[in-house]
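In our numbering, the protein residues as written are 23 to 100. Take a look at the structure set out below.
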Amino acid sequence: MYYNMSYFSYISKQIYYEETGEGSPLMGSLEDDMFPKRHCKVLFDEICAKTSLATAHIFEHGGHPAMLSNMDEFVELC
């Protein structure tokens, strides 16, 4: 059976949450070309306001996906 990386990412996040009670933060960049300027911050703030389980980390620089364009900082956060 074929599974894409997002499936494994989802599963690892679920296991991490079940073991620690913490989720991984939503991550984005203010320079992400997939969102209108600074929209990911607004969107993530709205999501975090709706659930206490959500947290967000916004990188000042980098493209899409923010985790890859900010790999050093991303690794430190994990």
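Built from N, CA and C at the ideal position, the CB exists for glycine as well. Here the structure is a predicted model, which is why all the values come from computation and not from measurement.
Worksheet item: Using DSSP with H/G/I as helix, E/B as strand and the rest coil, what is Ala78?
Response: Ala78: strand per DSSP, three-state reduction.
Worksheet entry | CA-to-CA distance, Ala76 to Ile69, given in whole angstroms | It is roughly 7 Å from the alpha-carbon of Ile69 to the alpha-carbon of Ala76.
Worksheet item: Quick one: what does DSSP say Met56 is sitting in, helix, strand or coil?
Response: If DSSP states are grouped into helix, strand and coil, Met56 belongs with coil.
Discussion item. Tell me the rounded alpha-carbon separation between Cys100 and Asp55.
Written reply: Taken atom to atom, the span from the alpha-carbon of Cys100 to that of Asp55 is near 24 Å.
Worksheet item: Can you tell me where the beta strand (DSSP E) with Gly50 in it begins and where it stops?
Response: Segment Leu48 to Ser51, the beta strand (DSSP E) holding Gly50.
Worksheet entry | Contact set for Ala88: own chain, Cβ-Cβ below 7 Å, skip 5 residues either direction | Excluding positions up to five away in sequence, the list reads Met49, Gly50, Ser51, Asp54 and Phe81.
Worksheet item: Is His61 helix, strand or coil by DSSP?
Response: Looking at His61 - three-state DSSP - the assignment turns out to be helix.
Discussion item. Please report the distance separating the alpha-carbon of Met93 from that of Gly84.
Written reply: Rounded to whole angstroms, Met93 to Gly84 spans 10 Å at the Cα level.
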